[in-house]
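*Asks:*
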Amino acid sequence: MDLSNVTNAFESGDFARPNLFKVEIPYLGRNFEFKCRAASMPASTTGEVIVSYQNRKIKLGGDRTFDQWSITVYNDDQHDTRQQFIDWHNQVHGLDNNITGETPETYKKEAVVRQYNRRGQVTRSYTIYGLFPTNVGEIALDWDTNDEIQTFEAQMSYDWWQ
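For our numbering, count along the sequence shown from 1 and bump the result up by 1.
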C-alpha cells in the first residue's frame with residue numbers, strides 16, 4: 002500500500018491540527034484569543050424516546066441537549082483574566098448574595114470557536130449562544146512547578162451552537 006493513498010483518502014489532502022484554533026469571547030475583550038490555551042469543539046447529544054409495543058421496543062430520536070463546554074485559560078500575574086471570569090460568574094449568582102443574580106439578558110454571552118488549516122484559512126467555525134460560566138476552576142500552586150504558565154479551567158453552560 003502506498004502511503005500517499007492515506008492522505009489522498011482525505012479530500013483536502015491534509016489532516017486537521019488540534020493546535021490551530023482560536024476562541025473568541027467578545028465580552029472578555031479582543032485579546033482573549035491569545036489567552037485560551039485549550040478548548041474543544043462544542044458537543045451535543047440527542048436523547049432517545051422508546052416506544053413499547055407488546056414485547057418490542059422502537060427507538061425514536063428525542064430532544065437535542067448541549068453538554069457543558071470547558072476551556073483552559075492562561076492566567077496573568079495580576080489575575081485579571083481569572084477575575085473577569087469570576088465577575089462574569091458573579092453576574093449569574095453573586096458570592097455575597099444567596100437570592101439573586103443578574104438577568105439572563107445580562108450574563109448570557111456568545112463565543113466563537115474557529116479551527117484553521119496550515120495555510121491559516123478557517124476550516125470550521127462554530128458560534129456558541131447563551132454562554133455563561135458555571136465553574137471557574139481552581140489554580141494549583143506548587144513549589145516544585147517550574148517553567149510553566151499558570152492556567153485554570155472554566156466550565157460553561159450554553160443554549161446551543163451552530
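In this text, a Cβ means the ideal position worked out from N, Cα and C, and glycines have one as well.
Quantities reported herein were computed from a predicted structural model and do not represent experimental measurements.
(1) Using the C-alpha atoms, what's the distance from Asn76 back to Ile150?
(2) Specify, as a first and last residue, the run of the beta strand (DSSP E) that Ile51 falls within.
(3) On a Cα-Cα basis, can you pick out the residue from Phe86, Gly102 and Gly121 that is closest to Glu139?
(4) Residues in its own chain within less than 7 Å of His94 by CB, not counting five upstream and five downstream?
(5) Are the beta-carbon atoms belonging to Asp73 and Arg38 less than 7 Å from one another?
(6) My output table needs one value for Asn9: the three-state DSSP class, helix, strand or coil.
*Replies:* With the given structure in hand:
(1) 7 Å
(2) Ser45 to Tyr54
(3) Phe86
(4) Gly102
(5) Position check: residue 73 holds Thr in this sequence, whereas Asp was assumed. It is a contact, given that the beta carbons lie within the stated cut-off.
(6) helix
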